[in-house]
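In what follows, a structure is listed as structure tokens, so that the remarks can point back to it.
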Amino acid sequence: MHLSQTPAIESIYATILRRNPGEAEFHQAVREVLGSLGPVLAKRPEFAQAKIIERICEPERQLIFRVPWTDDSGEVHINRGFRMEFNSALGPYKGGLRFHPSVSLGIVKFLGFEQVFKNALTGMPIGGGKGGSDFDPKGRSDAEVMRFCQSFMTELYRHLGEYTDVPAGDIGVGGREIGYLFGQYKRITNRYESGVLTGKGLGWGGAQARTEATGYGTVLFTAEMLRHRGEDLEGRRVSVSGSGNVAIYAIEKAQQLGATVITCSDSTGYVLDEKGIDLDLLKQVKETERGRVSHYAERRGAHAAFVEGASVWAVPTDVALPCATQNELSETDAVALVRNGVKAVAEGANMPTTPEAFRVLEQAGIPFGPGKAANAGGVATSALEMQQNASRDSWTFAHTEERLVEIMKHIHDTCSETAERYGSPGNYVAGANIAGFELVAEAMVAQGLI
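In terms of my numbering, the sequence shown opens at residue 60 and continues consecutively.
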């Protein structure tokens, strides 16, 4: 999205570039939000007077720390840990931890910035944060992962708390990692503070439907976008990128709503399965065996073809759900999707669509659900997990999913109504950015210069 043509916003963005050099993903995330805010500042000058944009783009706290650990052969390794406590105007910092070699200050900062607005849109009392490490859990034994997680938490624990900062999982951080992290937190603090981490096991404070929530929510948001246009998902061809947690449960919910999901992918390539992805087989390969999508294709037989090193978005589809990683859907991909008649795109991953690709989709009039709205179901269900922990309660899967459906409809309607109120009907990016910003900005103004 182009920056609003106001000197004030251009000046703010130039200052952000100068103060945060070399952080391309953060620059991209900030630019995308600022591009929507010109009409807001014109209508609500109190936000400009309080310098809300400048304050909201500056994290409240940035933590960077050393994480030493030993592998199974006794060799010492040093990784870098991060926690970006970005904004607590609406509640305790809330957001995932990512363990992946690509993790850097700019990545964590962009994710934390996005999380502020995403969390606001849920309507839940949670602020925004994000964290992680450049540690790669792939190929590591359980014992190695445990030692890393214990070292990581030994530093991070002092900054956490159910009323302070509540991490969750993200790429590379699943139930195994959350278990080791929680165990070390409990050991150090001598407190069974269930609400300090979300994504826990069901037997020790976790929430039903949390595992499914991000993928399910992305599809529910997509269904709302289509319903808003008098259409639905039933009978549609759906392309999903990725094959991790978000992708798997996006596939599951799309199939439940009557769609045929024809693709999934990983860093090696993608699978095309015209009969529809065999979800049980995909879960076996990815979740149990930690294998590649090529292994899925081999075992699926004649129904599926593996295409090495190519983009999943060349496949003709009705609905595209990028669920892998940032900037995976390029301008060329967007042109191919439009040419092949795509009817809706929604981001299951965080910022998977490049600005150039978004412009192509916008110009073609394709409904587009930005990640801060479309994939907010995960963090919303994490907040529901915090509620259960606080009340020493446990809800059924059906009850939690019912709440998730309500929340995703609320997010869709909030984005749609806000976009219309500011003269951009149908623009979910503008609606999400403005609605999230207004919620946080109002709280910041009320709480004074902090």
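Beta carbons: idealized from backbone N, C-alpha and C, even for Gly.
Cβ-Cβ distance between residue i and residue j below 8 Å
i           : j           : result
residue 292 : residue 309 : no
residue 478 : residue 490 : yes
residue 221 : residue 271 : no
residue 283 : residue 445 : no
residue 194 : residue 138 : yes
residue 414 : residue 487 : no
residue 276 : residue 435 : yes
residue 393 : residue 183 : no
residue 258 : residue 264 : no
residue 238 : residue 260 : yes
residue 296 : residue 377 : yes
residue 215 : residue 140 : yes
residue 189 : residue 82  : no
residue 340 : residue 364 : no
residue 116 : residue 89  : yes
residue 425 : residue 374 : no
residue 148 : residue 499 : yes
residue 142 : residue 218 : yes
Nearest-angstrom beta carbon gap, residue j and residue i [assumed within contact, 8 Å]
i           : j           : result
residue 407 : residue 306 : 7 Å
residue 411 : residue 387 : 5 Å
residue 178 : residue 187 : 5 Å
residue 521 : residue 338 : This structure cannot settle anything about residue 521, because the visible part of the chain is limited to 60 through 509.
residue 328 : residue 366 : 5 Å
residue 409 : residue 173 : 6 Å
Through-space distance from residue j to residue i, alpha-carbon basis
i           : j           : result
residue 132 : residue 207 : 14 Å
residue 110 : residue 86  : 19 Å
residue 448 : residue 254 : 6 Å
residue 129 : residue 324 : 32 Å
residue 480 : residue 381 : 28 Å
residue 67  : residue 269 : 41 Å
residue 127 : residue 362 : 46 Å
residue 96  : residue 493 : 6 Å
residue 457 : residue 246 : 33 Å
residue 504 : residue 106 : 8 Å
residue 463 : residue 336 : 24 Å
residue 74  : residue 508 : 20 Å
residue 60  : residue 94  : Its pLDDT being 46, under 50, residue 60 is placed unreliably by the model, and nothing is read from it.
residue 165 : residue 432 : 21 Å
residue 510 : residue 163 : An answer regarding residue 510 cannot be provided, because it is not within the stretch 60 to 509 covered by the chain.
residue 122 : residue 144 : 8 Å
residue 250 : residue 347 : 32 Å
residue 356 : residue 326 : 15 Å
residue 351 : residue 78  : 40 Å
residue 501 : residue 103 : 10 Å
residue 204 : residue 211 : 10 Å
residue 99  : residue 92  : 12 Å
residue 119 : residue 454 : 34 Å
residue 201 : residue 209 : 12 Å
residue 423 : residue 302 : 28 Å
residue 353 : residue 465 : 37 Å
residue 450 : residue 440 : 15 Å
residue 469 : residue 286 : 14 Å
residue 379 : residue 427 : 10 Å
residue 300 : residue 312 : 15 Å
residue 482 : residue 175 : 24 Å
residue 358 : residue 124 : 43 Å
residue 84  : residue 459 : 33 Å
residue 345 : residue 421 : 34 Å
residue 180 : residue 235 : 29 Å
Self-check item: Segments of 3+ residues assigned as beta strand (DSSP E) that fall wholly inside the region 94-165
Solution: 120-129, 135-146, 152-158
Quiz item: Do the region 136-156 and the region 216-234 make contact, defined as three or more Cβ pairs closer than 8 Å?
Solution: yes
Quiz item: Looking at C-beta atoms only, is the number of pairs between the region 228-245 and the region 155-163 that lie closer than 8 Å three or more?
Solution: yes
Practice problem: Run through the region 345-387 for me and flag every whole alpha helix (DSSP H) of 4 or more residues, listed as ranges in chain order. | Solution: 352-359
Practice problem: At 3 residues or longer, and completely inside the region 157-218: list those beta strand (DSSP E) runs for me, N to C. | Solution: 187-192
Quiz item: What alpha helix (DSSP H) runs, 4 residues minimum, are completely inside the region 211-299?
Solution: 234-248, 269-287
Exercise. Output the residue ranges of the beta strand (DSSP E) runs that lie fully inside the region 400-450 and measure 3 residues or longer, sorted by chain position.
Key: 403-405
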